[in-house]
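**Student:** Numbering (this note's numbering), first residue to last: 1319 to 1693.
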């Protein structure tokens, strides 16, 4: 028995507890052994009675029901994706009175749902718990929609979505792989990177306004990481912009309609920024250094755009030739590269007042590209 428990702990590292059925009556001996042989000498509460877990389950389910007060989710068994979307949208609309985002509906619901799931796993063999399994699954599905950061790319009809969700709830097995925010709102995920006008219009017209904001936030967050993972300036710019917009929304400085407009506008700017290379006549790597150079307003004013392009091209060519696998860890190599960048900037009369900052930003950009270049 101890070997089996130890193996579960190794294989499922984050498992909070499990159910041991004492068919042969060794419970008291097991507790005595733990008291004698463990470092805690039996202190604490290594085991939880199933009925105690049931009490916790009922308590957490009451919390979740209270959070959903005002939303009619009584038809969750047959409501399909619309029932999930409505519940998640309701929770996202809950704001704390003191504007503390840590206490908003999303956080409170997720915390209670996690505790509910842990309690259910410890008392799921009791008849009282079995009677609640479908409601437990519904709450867990809502929690996944609220907290899952990545999104799937399955294309399904509304009927297929509803059938899948009804099956999940009836079987009381909820997995992040099968529950998705796109399924909840009844949309197909766009080809990542497109965020075209048609899709943005669909999101803007969703009746679940709070969930639409959440959907756009996650899409943009994923796009920024995917498209600008190696573009220091653009990643910082769009990440800061997204954080600022969402913070104002969470603090109720702007309403849902306004944050939707700002996020849609941001998506369009993002799309333009991600496809500038061809218009500028630069390679993807050259665009990254161009952005680092153009981050200085005085440089943009004093130097012609063609000059910035030439600097970006020369920097890319010279840095690529000079990169070694461990260059960022060797100060002598960094110093040599710093001098080379300064020489190129002086050659093209880059404004001296911001030259040091530009050099550091160029080196940061080179470091972001380092692994792919060194390979």
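Just so it is clear, CB atoms sit at the ideal spot from N, CA and C, and this is done for glycine as well.
Keep in mind that this is a model prediction, so the values were computed, not measured.
Here's the rule: buried if 16 or more other CB atoms are within 10 angstroms of the residue's CB, otherwise exposed. What is residue 1657?
**Tutor:** Mapped onto the chain shown, residue 1657 falls at position 339. With fewer than 16 other Cβ atoms within 10 Å, it is exposed.
**Student:** Which term fits residue 1639, buried or exposed, when burial requires 16 or more other beta carbons within 10 angstroms of its beta carbon?
**Tutor:** The residue labelled residue 1639 in the question sits at position 321 within the chain shown. Per the 10 Å Cβ criterion, exposed.
**Student:** Buried or exposed for residue 1526, please, with buried defined as at least 16 other CB atoms from any protein chain shown within 10 angstroms of its CB.
**Tutor:** Within the chain shown, the letter at position 208 stands for residue 1526. It counts as buried.
**Student:** Do residue 1687 and residue 1603 count as a contact pair if the criterion is CB distance below 9 Å?
**Tutor:** Position 285 of the chain shown, counted from the first residue, corresponds to residue 1603. Position 369 of the chain shown, counted from the first residue, corresponds to residue 1687. Yes, these two residues count as a Cβ contact at 9 Å.
**Student:** Which of the three DSSP states is assigned to residue 1345 in this structure?
**Tutor:** Against the chain shown, residue 1345 aligns to sequence position 27. The answer is helix: DSSP assigns residue 1345 an H, G or I state.
**Student:** Are there 16 or more other CB atoms within 10 angstroms of the CB of residue 1486, so buried, or fewer, so exposed?
**Tutor:** Here residue 1486 is taken as the residue at index 168 of the chain shown, counted from 1. Caution applies to residue 1486, whose pLDDT of 46 falls short of 50 and renders its modelled position unreliable; the value that the coordinates give is listed next. Buried is the call here.
**Student:** Let me confirm a value: residue 1399 is counted as buried when at least 16 other C-beta atoms fall within 10 Å, else exposed. Which label applies?
**Tutor:** Here residue 1399 is taken as the residue at index 81 of the chain shown, counted from 1. Its Cβ being crowded by 16 or more others within 10 Å, residue 1399 is buried.
**Student:** So what does DSSP say about residue 1655, is it helix, strand or coil?
**Tutor:** Against the chain shown, residue 1655 aligns to sequence position 337. Three-state DSSP puts residue 1655 in a helix.
**Student:** Residues in its own chain within less than 6 Å of residue 1482 by CB, not counting five upstream and five downstream?
**Tutor:** Taking the chain shown and counting its residues from 1, the one referred to as residue 1482 is at position 164. With a pLDDT of 48 at residue 1482, under the threshold of 50, the predicted position of this residue should be treated as unreliable, and no value is reported.
**Student:** From the DSSP output, in three-state form, read off residue 1510 for me.
**Tutor:** For the purposes of this step, residue 1510 is identified with residue 192 of the chain shown, where counting begins at 1. With a pLDDT of 47 at residue 1510, under the threshold of 50, the modelled position of that residue is not reliable, and the figure given next carries that caveat. In this structure, residue 1510 counts as coil in the three-state DSSP scheme.
**Student:** Could you check the C-alpha separation between residue 1607 and residue 1577 for me, to the nearest Å?
**Tutor:** As a first step, residue 1607 is located in the chain shown; it is residue number 289 there, counting from the start. As a first step, residue 1577 is located in the chain shown; it is residue number 259 there, counting from the start. Their backbone Cα atoms lie some 32 Å apart in a straight line.
**Student:** For residue 1321, count the other beta carbons within 10 Å of its own beta carbon; 16 or more makes it buried, fewer makes it exposed. Which is it?
**Tutor:** Stepping through the chain shown from its first residue, residue 1321 is reached at position 3. Result: exposed.
**Student:** Using 10 angstroms around the beta-carbon of residue 1627, count the other beta-carbons present and answer buried if the total reaches 16, otherwise exposed.
**Tutor:** The residue labelled residue 1627 in the question sits at position 309 within the chain shown. Residue 1627 comes out buried.
**Student:** Suppose you measure from the CA of residue 1408 to the CA of residue 1676; what does that come to, to the nearest Å?
**Tutor:** For this step, residue 1408 is matched to residue 90 along the chain shown. For this step, residue 1676 is matched to residue 358 along the chain shown. Those two C-alpha atoms are separated by around 47 Å.
**Student:** Give me the Cα-Cα distance between residue 1440 and residue 1601, rounded to the nearest whole angstrom.
**Tutor:** Here residue 1440 corresponds to residue number 122 of the chain shown, with the count starting at 1. Here residue 1601 corresponds to residue number 283 of the chain shown, with the count starting at 1. Rounded to whole angstroms, residue 1440 to residue 1601 spans 57 Å at the Cα level.
**Student:** Contact check, residue 1385 vs residue 1412 under 8 Å by CB: the rounded distance?
**Tutor:** Along the chain shown, read from residue 1 onward, the residue named residue 1385 stands at position 67. Along the chain shown, read from residue 1 onward, the residue named residue 1412 stands at position 94. Yes, they are in contact, since the Cβ atoms of residue 1385 and residue 1412 sit about 7 Å apart, within 8 Å.
**Student:** Inspect the beta-carbon positions of residue 1431 and residue 1466 and report whether they are closer than 9 Å.
**Tutor:** Start at 1 with the first residue of the chain shown, and residue 1431 comes out as number 113. Start at 1 with the first residue of the chain shown, and residue 1466 comes out as number 148. No, these two residues do not count as a Cβ contact at 9 Å.
**Student:** Could you work out which residue in 1605, 1518, 1551, 1629 is closest to residue 1535 when comparing CA atoms only?
**Tutor:** One-based indexing of the chain shown puts residue 1535 at position 217. Nearest option by C-alpha distance: 1518.
**Student:** Note down the Cα distance separating residue 1556 from residue 1424, rounded to an integer number of angstroms.
**Tutor:** In the chain shown, counting from the first residue as 1, residue 1556 sits at position 238. In the chain shown, counting from the first residue as 1, residue 1424 sits at position 106. Using only the alpha carbons, I get a separation of about 24 Å.
**Student:** Does DSSP put residue 1584 in a helix, a strand or coil?
**Tutor:** Position 266 of the chain shown, counting from 1, holds the residue named residue 1584. Correct three-state label for residue 1584: helix.
**Student:** Using three-state DSSP, classify residue 1395 as helix, strand or coil.
**Tutor:** Here residue 1395 refers to the residue found at position 77 of the chain shown. Of the three classes helix, strand and coil, the one that applies to residue 1395 here is coil, per DSSP.
**Student:** May I have the straight-line CA-CA distance separating residue 1594 from residue 1450, to the nearest angstrom?
**Tutor:** By one-based count along the chain shown, residue 1594 stands at place 276. By one-based count along the chain shown, residue 1450 stands at place 132. Taking the straight line joining both Cα atoms gives about 54 Å.
**Student:** Report the option in 1544, 1685, 1524, 1563 whose CA atom is closest to the CA atom of residue 1648.
**Tutor:** Translated into positions along the chain shown, residue 1648 becomes position 330. Residue 1648 has its Cα closest to that of 1685, out of 1544, 1685, 1524, 1563.
**Student:** Indicate the three-state DSSP secondary structure (helix, strand or coil) for residue 1422 in the structure shown.
**Tutor:** Residue mapping note: residue 1422 aligns to position 104 of the chain shown, counting from 1. Residue 1422 falls in the coil class under three-state DSSP.
**Student:** Do residue 1683 and residue 1550 have their beta-carbon atoms positioned less than 9 Å apart in this structure?
**Tutor:** For the purposes of this step, residue 1550 is taken as residue 232 along the chain shown, with counting starting at 1. For the purposes of this step, residue 1683 is taken as residue 365 along the chain shown, with counting starting at 1. Yes, these two residues count as a Cβ contact at 9 Å.
**Student:** Spatial neighbours of residue 1610 within its chain, please: C-beta separation below 6 Å, excluding the five flanking residues on both sides.
**Tutor:** For the purposes of this step, residue 1610 is taken as residue 292 along the chain shown, with counting starting at 1. Taken in chain order, the residues that qualify are 1551, 1679, 1680, 1683.
**Student:** Since I believe residue 1574 is in contact with residue 1531 (beta carbons under 8 Å), could you give me their beta-carbon distance rounded to a whole number of angstroms?
**Tutor:** The count along the chain shown starts at 1 and reaches residue 1531 at position 213. The count along the chain shown starts at 1 and reaches residue 1574 at position 256. With a Cβ gap of about 6 Å, residue 1531 and residue 1574 count as contacting.
**Student:** Which residues in the same chain as residue 1673 place their Cβ atom closer than 6 Å to its Cβ, once the five residues preceding and following it in sequence are excluded?
**Tutor:** The residue labelled residue 1673 in the question sits at position 355 within the chain shown. Counting only Cβ-Cβ distances below 6 Å, and skipping sequence neighbours, we find 1663.
**Student:** Should residue 1564 go down as buried or exposed, given a rule of 16 or more other Cβ atoms within 10 Å for buried?
**Tutor:** In the chain shown, the residue the question calls residue 1564 occupies position 246. Looking at its Cβ environment, which holds 16 or more other Cβ atoms inside 10 Å, residue 1564 is buried.
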